[in-house]
Amino acid sequence: MAESKVRKKPVGKMLLMGVISVALYALLLLKQDVINGYIGQGGMYAFLPIITAFLFSFVHGTFTGDFWTVMGIEAAKKKKEVK
Amino acid sequence: MHDIVNAAANFINLDTANIIYLFLVGFVGGLVSGFIGSGGAFVLTPAMMSMGVPGLVAVASNMCHKFPKALIGALKRAKYGQVDVKLGIVLGISAEAGVLYGAHIQESIKKSFGEAGSNLYVSTAFVVILAIVGGFVLLDAWKTYKSGTTNEEEKVTKLAKWVQSVNIPGTMVYFKSLNARISVLFTIPLGFATGMLAATIAVGGFVGVPSMIYVLGAPSLMASATELVIAFVMGLGGSFKYAMHGLVDIRLAMIILAGSLFGIQLGAMGTTYVKAFTIKMVMGVIMVIVLFSRALMVPVYMSQLGLISEIAADTTKMLKSVSYGIMIFALATGAFIVLKAMWQGRREQRLATQEALGHVK
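Residue numbers (the numbering used here), protein chains in the order written: chain A, 3 to 85; chain B, 1023 to 1383.
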């Protein structure tokens, strides 16, 4: 069927980001004692959790966005702009 | 002050059951946040505390998952043209001041009246604010539903019209969500109240979103999306403050984030399928249900302070469990309405597409 709305799903990108995301989580949980040791000291180490949060949100956020797209769940086609 | 030994005492051992539980609550909280701009924190913080996480670490870790989640949600909803970044940042800055002042009040109350005094203050704030604001939002959503005007554009309230009509030279700023110039002076108390509420009950959006709708005149969809910008600004500042004292448990924050990023994407997409009053409905329903949860705890704290006669330990335990159960119910109900509305919206769109294709053939 040559329907017009055949759009490529970002399967490759989703898998790549998924693998990186899993790797980040594995690292966080496997090295939790070391990481908590630093973060627990506070002071200038305060940047650590903030940077971690930004990194995870970028990688995992991209993955979850692509995940729903691959699953076929997307925003409504109309209603682009809210008045 | 907070050396590694202290840190170890702050950070609990995580087992698989706890990880799965936090992931799931994170998902549902994210779903609701993506839709109404906030939510989830009122369940997440007590959930962590029930695992043995100290109160401050629970608050700090919740905040550290909130700002990256809000960032992703805001970016997603910006794609749909729903975010007013300028209004979000302006309100976010005064909200940050509100957070600091709210935390200061909390500390003074704790110092003077102890843990029970602080809990009583938080619960009373919950009950009073949610009763007034939540009741108003729910009533408004209900009236719109009953009047059959759900498809019409939202009406700007009289108060918002007045706010938009006041001209204070040197303070006027144009906001796209309002499609009007208003004095930034009006945003300061609103942002401040949002921040104070965030510091007190962890969900500033319960004041932030309704105030943008009813006081400033923003449409519900834009108000709830802009709240995500406020949450990002507040969450980032708050997280850094707590992280300076070594109170963030990054494992808890990131596990919740893992679930909530799935949820927030879905909730944000959900807003493109629904009518504006659904946002108010979800928000009002959650607020009113949570109100009962907190109201149940008021007598417990009052008895701990000796304001009323002592309540038996068994009764206290039972009230605590019921209160927590009601909070989970509130979040689940909100998530159910979001998913149902999204499901219906998708179905309608599919049918419309099929019909259009049928006409073409």
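We put the beta carbon where it would ideally sit given N, CA and C, even for glycine.
Check: Proximity to B/Lys1342 [Cα-Cα], best of B/Ala1069, B/Leu1219, B/Met1244; Outcome: B/Ala1069
Check: Beta-bridge pairing of B/Lys1196 - partner residues as DSSP gives them; Outcome: Note on residue identity: the sequence assigns Tyr, not Lys, to residue 1196 of chain B. Answer is B/Arg1203.
Check: Endpoints, the alpha helix (DSSP H) within which B/Val1312 is located; Outcome: 1298-1326
Check: Chain B contacts made by the region 18-48 of chain A, where a contact means CB separation under 9 Å; Outcome: Ser23, Leu26, Tyr27, Leu30, Leu31, Gln34, Asp35, Ile37, Asn38, Gly39, Tyr40, Ile41, Gly42, Gln43, Gly44, Gly45, Met46, Tyr47, Ala48
Check: Between the CA atoms of B/Tyr1167 and B/Gln1186 - distance to the nearest angstrom; Outcome: 27 Å
Check: C-beta neighbour in chain A for B/Arg1372, strict 8 Å; Outcome: no
Check: Reduced DSSP secondary structure (H/G/I, E/B, other) of A/Tyr47; Outcome: helix
Check: Any chain B beta carbon closer than 8 Å to A/Lys79; Outcome: yes
Check: Nearest to B/Ile1235 (by Cα), restricted to the options B/Met1218, B/Met1266, B/Ile1301; Outcome: B/Ile1301
Check: Simplified DSSP state of B/Tyr1295, which is helix, strand or coil; Outcome: coil
Check: Rounded separation between A/Val13 and A/Gly63 - CA only; Outcome: 15 Å
Check: Distance between B/Ser1233 and B/Gly1048 (C-alpha atoms, nearest Å); Outcome: 26 Å
Check: Proximal chain A residues relative to B/Val1065, where beta-carbon distance stays under 9 Å; Outcome: Under the 9 Å cutoff, chain A gives no residues; its nearest Cβ is about 20 Å from B/Val1065.
Check: Length of the line joining the Cα atoms of B/Ala1240 and B/Met1305; Outcome: 16 Å
Check: Euclidean distance between Cα positions of B/Leu1097 and B/Leu1329; Outcome: 48 Å
Check: Status (buried if at least 16 other CB within 10 Å, exposed otherwise) for B/Lys1101; Outcome: exposed
Check: Cβ of A/Pro12 within 8 Å of any chain B Cβ; Outcome: no
Check: Amino acids of chain A, ordered along the chain, whose beta-carbon sits closer than 9 Å to that of B/Met1266; Outcome: Gly44, Gly45, Met46, Tyr47, Ala48
Check: Distance between beta carbons of B/Val1054 and B/Val1251, contact taken as under 8 Å; Outcome: At roughly 17 Å, the Cβ-Cβ gap does not stay under 8 Å, so B/Val1251 and B/Val1054 are not in contact.
Check: Where B/Gly1281 sits in the DSSP three-state scheme; Outcome: helix
Check: Nearest-angstrom Cα separation, counted from B/Ser1205 out to B/Val1149; Outcome: 31 Å
Check: Which of helix, strand or coil DSSP assigns to B/Asp1271; Outcome: coil
Check: Classification of B/Gly1347 by the beta-carbon crowding that lies within 10 angstroms, buried from 16 upward; Outcome: exposed
Check: With 16 other Cβ atoms within 10 Å as the buried cut-off, status of B/Leu1207; Outcome: exposed
Check: CB contact below 8 Å: B/Ile1094 versus chain A; Outcome: yes
Check: Alpha-carbon to alpha-carbon, B/Gly1062 and B/Glu1174; Outcome: 30 Å
Check: Status (buried if at least 16 other CB within 10 Å, exposed otherwise) for B/Arg1099; Outcome: buried
Check: Three-state secondary structure assigned by DSSP to B/Glu1249; Outcome: helix
Check: Beta-carbon gap between B/Thr1222 and B/Val1310 smaller than 8 Å; Outcome: no
Check: Per-residue contacts from B/Leu1283 into chain A (C-beta, under 9 Å); Outcome: Phe58, Ser59, His62, Gly63, Phe65, Thr66, Gly67
Check: Where B/Met1218 falls: helix, strand or coil (DSSP); Outcome: helix
Check: Test item: CB-CB of B/Tyr1295 and B/Leu1142 under 8 Å; Outcome: no
Check: Any C-beta of chain B under 8 Å from that of A/Ile53; Outcome: no
Check: Contacting positions in the region 1036-1054 of chain B - beta carbon closer than 7 Å to chain A; Outcome: none
Check: Endpoints, alpha helix (DSSP H) assigned at B/Lys1180; Outcome: 1180-1187
Check: Beta-carbon spacing of B/Val1112, B/Gly1217 below 8 Å; Outcome: no
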